[in-house]
Amino acid sequence: MTAVADCALDMRGISKTFPGVKALSNVNFAVKFGTVHAVVGENGAGKSTLMKVLNGSYAPTSGTIWVGGNEVRMRKPADAQALGIRMVHQEINLVPDLTVAENVYLGRMPGRWSWLRKGEMIGKAAAILKELGAAINPRERLGNLSISQQQLVEIAKAYAAQPRIIVLDEPTSSLSEHETAALFRILRKMRGEGIAIVYISHRLKEVLEIADEVTVLRDGSMIETRPIEGITAAEMIRLMVGREVSNVFPKSPAEIGASVLRVERIGDGASFRDVSFDVRAGEILGLTGLVGAGRSEVARAIFGLSRLVEGSVSVDGRKVVISSPSEAVRAGIAYVPEDRKGDGIVPGMSVRENISLPILRRLTSFGRIRGSADRSLSALYVKQFSISPPDGERRINLLSGGNQQKAVIAKWLAAKPAVLILDEPTRGVDVGAKAEIHHIIGQLVADGMAVVMISSELPEILGVCDRVVVMRDGRASMPLTRAELSEERIMALATGEEAA
Numbered sequence: 029m030t031a032v033a034d035c036a037l038d039m040r041g042i043s044k045t046f047p048g049v050k051a052l053s054n055v056n057f058a059v060k061f062g063t064v065h066a067v068v069g070e071n072g073a074g075k076s077t078l079m080k081v082l083n084g085s086y087a088p089t090s091g092t093i094w095v096g097g098n099e100v101r102m103r104k105p106a107d108a109q110a111l112g113i114r115m116v117h118q119e120i121n122l123v124p125d126l127t128v129a130e131n132v133y134l135g136r137m138p139g140r141w142s143w144l145r146k147g148e149m150i151g152k153a154a155a156i157l158k159e160l161g162a163a164i165n166p167r168e169r170l171g172n173l174s175i176s177q178q179q180l181v182e183i184a185k186a187y188a189a190q191p192r193i194i195v196l197d198e199p200t201s202s203l204s205e206h207e208t209a210a211l212f213r214i215l216r217k218m219r220g221e222g223i224a225i226v227y228i229s230h231r232l233k234e235v236l237e238i239a240d241e242v243t244v245l246r247d248g249s250m251i252e253t254r255p256i257e258g259i260t261a262a263e264m265i266r267l268m269v270g271r272e273v274s275n276v277f278p279k280s281p282a283e284i285g286a287s288v289l290r291v292e293r294i295g296d297g298a299s300f301r302d303v304s305f306d307v308r309a310g311e312i313l314g315l316t317g318l319v320g321a322g323r324s325e326v327a328r329a330i331f332g333l334s335r336l337v338e339g340s341v342s343v344d345g346r347k348v349v350i351s352s353p354s355e356a357v358r359a360g361i362a363y364v365p366e367d368r369k370g371d372g373i374v375p376g377m378s379v380r381e382n383i384s385l386p387i388l389r390r391l392t393s394f395g396r397i398r399g400s401a402d403r404s405l406s407a408l409y410v411k412q413f414s415i416s417p418p419d420g421e422r423r424i425n426l427l428s429g430g431n432q433q434k435a436v437i438a439k440w441l442a443a444k445p446a447v448l449i450l451d452e453p454t455r456g457v458d459v460g461a462k463a464e465i466h467h468i469i470g471q472l473v474a475d476g477m478a479v480v481m482i483s484s485e486l487p488e489i490l491g492v493c494d495r496v497v498v499m500r501d502g503r504a505s506m507p508l509t510r511a512e513l514s515e516e517r518i519m520a521l522a523t524g525e526e527a528a
C-alpha cells in the first residue's frame, strides 16, 4: 500500500475506541500540499479525537497514517512535531508568565549554544505578528493580553516553526472580522508556500471562503469529503446533523420595557473610558468591535472583576457600587465569561455542583446543603436547556462545549439576575448548539430579562440583537437600532472609517 503522491497527509481506516465508546470508526482523511482542508461536524462528531490521533496525543486503535508519502507511527506529540505537524488549539496552550516572543519560540529559546539570539528572536516574533496584522508587543508578558490576542500569538508560534502541516482548531473563535481577514491572508500565503492546512471550524461562512475541500464528520464517521465549489452552508449543516436546521437565530420579538442596567461615562483608566449605554427589560443589547477595543474589559468591570475609576452603574434606577462579583450578583447582575473552560466552569465538579455554586447559601440549612433542593434545581435546568446527556451528576468537563455553555448560563440564571452579560456565548460551539443557545436567550428576554451580548460574529450580532453598541479604542458608539444595522456600518464604526 502506498500513499498518494501529492498528499501531505493520508489517514486511512482510522478507528479509535475508548472503554465503552467508539470515538472514530474507519475514517479516511487526506490533505494535499498547498491546500486548505476544512473539517466540520457537531460537537462530539469526532473532530478533536481525529486531530489528537494526527498530533500524536492518541494512538489509533486501527488504521495507518502517511505523512509526505511515508507511513509513520506517532506515539507522542513530539513525534508529530518532528514530522512538521503543528497544531493550534482552541484553548490557549501557552505560558502566561513568559513574553510574547518567548512563547512564539518556546522550545527554541536562546541559551548558551542557541542558534537564536534573544534580540533576533524578538525581531522575528515582531515580524510574524506584523504579518498576522496583530498589534502586539513581542516584549509584553503573555498573561497581560486578552484571550483573542493570546490566540494570535498561538497562531504565530505555529507559523514560526515552518510547518509542513498545520492544524487550526477554531482559530477565529475569539477573533473579530478584521482579525479573521488578516488571518486568512496569512493562510493563503501559507497555502501558496505549499503548506497543508487543516481548518476545523463551526463557522461555515469562513469554511466556504477559505477552504479548498471539506470533510464532514458525524458520530465518529466520515460522512463525505467534497470540493468546496458546489456545496452550500445549508448542505453542510444537513450532512453534519442529519437534519435541517432552519433558523440559527430563532429570536422572537419581545416587549421592550424600562431601563434595567445603565452605565454612564464609565472608565477603568486603561482599557476604556467614557462608555455609556443602557439595556432595557426584554432587550438584547449587542456590544461588538475589533479585538482589543475594550468590549470584554467593560463587561468584567461592570461585574466587579476589575475596578472602575470613573462613571456610574445603575440597576433598576438605583446607583450601585460594585467592587467584587459577589456585589454584582447581589445587585442583580450575572456574567458568562469569554473563557468558558478557564473561568466559567469548575472541571472536576458535576453539572449539578456547577449550577448550584452561585446560590449555595440559598440551598443551605444549618451549614449543610439540602440535597433535594440541590438536585431539583439542576434537574430543572438540565431539562429546560436540553443539556446532554441529561445527567446532573456527570462531570461537566466531559460534556461538549455547547452543553458546557448551557450549564454555565443555567448557573447564573439560578441566581435570578435582572441583567445577564454574555461574553462570546456561542464561541466554539456547533451550529445546532448555537441555535439552542440563541433560543434560550430569546426565552430569557421574552420573560423580561435584560441581556448584554458581546460577540465578534457580525451575523450573530445582526441576527440576535435589538440594538448594538460598537467599541473602538476603548470608546463606545451611540446605540444603533435594528433599522440602522448592517455589517458595513458596524465595520465602519469599528475601524474608525465612520465617527462614533
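The opening residue of the sequence shown carries number 29 in this note's numbering; numbering runs sequentially from there. All C-beta atoms, glycine included, are put in the ideal place defined by N, C-alpha and C. This one's a predicted model, so the numbers in the text were calculated from it and none came from an experiment.
Kindly indicate which three-state DSSP category residue i falls into: helix, strand or coil?
i, result
"Gly96", "coil"
"Ile350", "coil"
"Glu130", "helix"
"Val64", "strand"
"Arg510", "helix"
"Ser384", "helix"
"Met477", "coil"
"Tyr86", "coil"
"Arg423", "strand"
"Ala520", "helix"
"Arg136", "coil"
"Lys80", "helix"
"Ile465", "helix"
"Arg308", "strand"
"Phe57", "strand"
"Arg169", "strand"
"Pro255", "strand"
"Phe46", "strand"
"Val195", "strand"
"Arg213", "helix"
"Leu180", "helix"
"Leu52", "strand"
"Val337", "coil"
Taking the alpha carbon of residue i as the reference point, which residue from the options has its own alpha carbon closest?
i, options, result
"Ile383", "Lys444, Pro353, Lys347, Ser324", "Lys444"
"Val492", "Asp302, Val480, Thr243", "Val480"
"Lys80", "Val269, Val195, Gly376, Asp344", "Val195"
"Ala446", "Ser287, Arg145, Gly322", "Ser287"
"Glu311", "Pro353, Leu122, Val410, Ile469", "Ile469"
"Tyr227", "Pro124, Leu385, Thr200, Met250", "Thr200"
"Ala309", "Ser416, Ile93, Arg495", "Arg495"
"Arg301", "Arg517, Arg323, His466, Ile225", "Arg323"
"Arg103", "Leu82, Pro417, Met149, Gly460", "Leu82"
"Leu289", "Ala261, Val349, Met519", "Val349"
"Leu441", "Val343, Leu408, Ala327", "Leu408"
"Lys233", "Arg213, Thr253, Ala522, Ala262", "Ala262"
"Glu366", "Met377, Glu119, Ala36, Arg423", "Glu119"
Use the C-beta contact count for residue i: other C-beta atoms within 10 angstroms, 16 or more gives buried, fewer gives exposed.
i, result
"Ser514", "exposed"
"Thr454", "buried"
"Leu427", "buried"
"Arg239", "Residue identity check: residue 239 is Ala in the sequence provided, not Arg. Buried."
"Thr509", "exposed"
"Ser174", "buried"
"Trp141", "Note that Trp141 scores a pLDDT of 44, beneath 50, so its modelled location is shaky; the value from the coordinates is reported in the next line. Looking at its Cβ environment, which holds fewer than 16 other Cβ atoms inside 10 Å, Trp141 is exposed."
"Phe57", "buried"
"Asp34", "exposed"
"Glu257", "exposed"
"Glu182", "buried"
"Asp475", "exposed"
"Thr260", "exposed"
"Phe305", "buried"
"Val55", "buried"
"Glu252", "exposed"
"Ala110", "exposed"
Using C-beta distances below 8 angstroms, list every residue in its chain close to residue i, excluding the 5 sequence neighbours before and after it, in chain order.
i, result
"Ser176", "Ser202, Leu203, Ser204, Glu207, Val319, Gly320, Ser484"
Leaving out the 5 sequence neighbours to the left and right, which residues in its chain are closer than 6 angstroms to residue i when beta-carbon positions are compared?
i, result
"Arg114", "Ala186, Ala189, Pro191, Ile194"
"Leu450", "Val364, Met481"
"Gln179", "Ser202"
"Arg328", "Ser334"
"Ser53", "Ser43, Gly248, Ser249"
Among residues of its own chain, excluding the 5 on either side of residue i, which ones have a beta-carbon nearer than 7 angstroms to its beta-carbon?
i, result
"Gly122", "For the record, residue 122 in the displayed sequence is Leu; it is not Gly. So the list reads Asn131, Leu170, Gln178, Val181, Glu182, once near-sequence residues are dropped."
"Lys60", "Asp34, Cys35, Ala36, Ala224"
"Gly372", "Val364, Pro365, Val436"
Notebook entry, point to check: Per the contact definition of three or more C-beta pairs closer than 8 angstroms, is the segment 349-362 in contact with the segment 155-164?
Noted result: With the cut-off at 8 angstroms, the segment 155-164 and the segment 349-362 do not touch.
Note to self: If contact is defined by three or more beta carbon pairs under 8 angstroms, each pair taking one atom from either stretch, is the segment 52-71 in contact with the segment 124-139?
What the structure shows: Too few Cβ pairs lie closer than 8 angstroms, so no.
Next item on the list: Decide yes or no for the touch test of the segment 83-98 against the segment 236-250: beta carbon pairs closer than 8 angstroms, at least 3 of them.
Entry: They do not touch, by the three-pair rule.
Item checked: Cβ contact check for the segment 408-419 and the segment 427-437: 3 or more pairs under 8 angstroms -> Judged by Cβ distances under 8 angstroms, the segment 408-419 makes contact with the segment 427-437, as three or more pairs qualify.
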